[in-house]
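In this note's numbering, the protein residues as written are 310 to 414.
Next up, the structure:
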């Protein structure tokens, strides 16, 4: 067997970035790619100026490159929120997608 060398972090992006003001539940999609050791444990999180909170209603099947997360906005205050996507590969190389700003109305 040949050993594979992985020296690069995965790539991550939020696509499409939601636009406009959101006033209902919404699904987000992240595009992830790793050309080496494979993706493990990607994480969506959201913040509104304070510490970020992990989003838990997300699916990332083994071998997938699209990471879908359903955000239940019920009970959240109107205002600006920041959505983040963090990706890690099998050798702990990590990257963050450019954050997306979202306005809840």
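Every residue, glycine too, gets a C-beta built ideally from N, C-alpha and C. Since the structure is predicted, the reported quantities are computational estimates derived from the model, not experimental observations.
Distance between residue j and residue i (C-alpha atoms, nearest Å)
{"i": "residue 377", "j": "residue 368", "result": "6 Å"}
{"i": "residue 318", "j": "residue 361", "result": "22 Å"}
{"i": "residue 407", "j": "residue 338", "result": "13 Å"}
{"i": "residue 396", "j": "residue 347", "result": "10 Å"}
{"i": "residue 364", "j": "residue 336", "result": "11 Å"}
{"i": "residue 322", "j": "residue 355", "result": "15 Å"}
{"i": "residue 400", "j": "residue 330", "result": "38 Å"}
{"i": "residue 351", "j": "residue 345", "result": "15 Å"}
Residue i - containing beta strand (DSSP E), residue span
{"i": "residue 351", "result": "348-356"}
{"i": "residue 410", "result": "409-413"}
{"i": "residue 399", "result": "No beta strand (DSSP E) contains residue 399, which DSSP labels as neither H nor E."}
Proximity to residue i [Cα-Cα], best of the options
{"i": "residue 398", "options": "352, 343, 325, 410", "result": "343"}
{"i": "residue 385", "options": "322, 316, 328, 332", "result": "332"}
{"i": "residue 382", "options": "411, 325, 348, 347", "result": "411"}
{"i": "residue 359", "options": "316, 388, 402", "result": "388"}
{"i": "residue 379", "options": "391, 371, 366", "result": "366"}
{"i": "residue 320", "options": "328, 334, 405", "result": "405"}
Opposing strand residues paired with residue i [DSSP bridges]
{"i": "residue 363", "result": "354"}
{"i": "residue 403", "result": "397"}
{"i": "residue 321", "result": "341"}
{"i": "residue 336", "result": "379"}
{"i": "residue 391", "result": "356, 410"}
{"i": "residue 330", "result": "412"}
CB-CB length for residue i against residue j, believed under 8 Å
{"i": "residue 326", "j": "residue 393", "result": "About 12 Å separates the two Cβ atoms, so there is no contact after all."}
{"i": "residue 324", "j": "residue 340", "result": "5 Å"}
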